[in-house]
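These notes concern the structure reproduced below.
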Amino acid sequence: MRFRSLKNIWPKKKLEQFLIVFILCGLPAIYYVLVEIILPELSDYGSSGYVFQMLLAVFLFLNVMSNYVMCILVDPSIDPKLMKNQLERGEHSEDWHKCDECGIHAPPQSRHCRKCGVCVLKRDHHCFFTGCCIGHENYRYFFYFLIYLFLSCVISLTSSSIFIYVLHGGRYQLSMRSDRAPNSSEFKNAYLNSLIIRVMYFKMPDRYEVLFTVVFVMLWIGVFVAAYVAYDQWSRSYICYNFNLQKFPFDRKLRRNFQTFLGRRMGWTWISGFIPSQLDHDGFHLDNHQG
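With my numbering applied, the sequence shown covers -13 to 277.
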């Protein structure tokens, strides 16, 4: 595993810079709102339900952030030393191709990225959210980032909906939970004070109305983006079954396809993005394992 140099980590595109800053700052902010404001009203402090939800929140948050950071830090480009050794030993095949931009002979399934300015080993795509390419070396982290982001957003949306529509009768303002059940007039007043009605009557929304609206929008965006990208990867990439070819790419079957990018310790990689797992496939030859 190689890490990208510091000068190459920060992308040149303004959009990619914004997305990286937003994710690194926005996700911790949303996590704080969910844990410090919403969670204490869902379960009594110190109860088994509270402890379980807190541990689940910490686990999901750490996995989202660790896999995102590792996806950015790990260098997916072709290692020149390994490529040189392959060429000197004559272990390359005829399907290697010449990259005019880099001036090198690149192995199959590798492509040049104009945004990154390098050839990426088994390049899948250039990701705007990470500002780098996703390839053989960092696909594991991209995969887990999508999975945990989707799960986190779905669970957070469920908890936020219970907090707002069950505990607060549809109101976005932050208020202490009442032990007595609200009557119909309270629900009516809550509805009239909702964000949409206040905007219609040109009233400034409460700061907590804005806060929870932003959180809700971000969670919905996270759900749809993660679901769409995950489906796109599942249906067209080398990970699993290719519906266009009607077969498993490279005839590696499902488990071996996962082991290709999760590594030899793939049974432990779900715990954290920082757990090392050596890849059993060199990325240069499609069907050969490293010894």
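Built from N, CA and C at the ideal position, the CB exists for glycine as well.
Note that the structure is a prediction, hence the values are computed from the model and not measured.
The C-beta distance from Cys139 to Val209 rounds to 4 angstroms, short enough to fall under 8 angstroms. Note on geometry: alpha-carbon atoms of Gln39 and Leu46 lie some 10 angstroms from one another. The beta carbon of Arg(-12) lies closer than 6 angstroms to those of Asp61 in the same chain, with the five residues before and after it left out. Separation of Leu205 and Leu137 (C-alpha to C-alpha, rounded to the nearest whole angstrom) is 11 angstroms. Sixteen is the threshold: since fewer than 16 other Cβ atoms of the shown chains lie within 10 Å of the Cβ of Pro14, the residue is exposed. Proximity to Gly12 across Phe202, Trp(-4), Arg242, Phe149 peaks at Phe202, based on C-alpha coordinates. CA-CA distance, Gln95 to Ser145, rounds to 43 angstroms. Rounded to whole angstroms, the gap between the alpha carbons of Asp218 and Tyr130 is 15 angstroms. For the region 66 to 140, the full-length alpha helix (DSSP H) segments reaching 4 residues or more read 66 to 74 along the chain.
Assignment of Ser63 by DSSP, reduced to helix, strand and coil, places it in the strand class. Annotation: the continuous alpha helix (DSSP H) that includes Tyr18 extends over 0 to 19. In terms of CA proximity to Ile90, Ser63 leads the group Ile16, Ser63, Ser29, Tyr54. Beta-bridge annotation (DSSP): Phe(-11) is paired with Val60. Nearest in C-alpha terms to Ile9, of all of Tyr36, Glu27, Tyr54, Lys(-7), is Tyr54. Pairing Ser52 with Gly259 gives a Cβ-Cβ distance under 7 angstroms.
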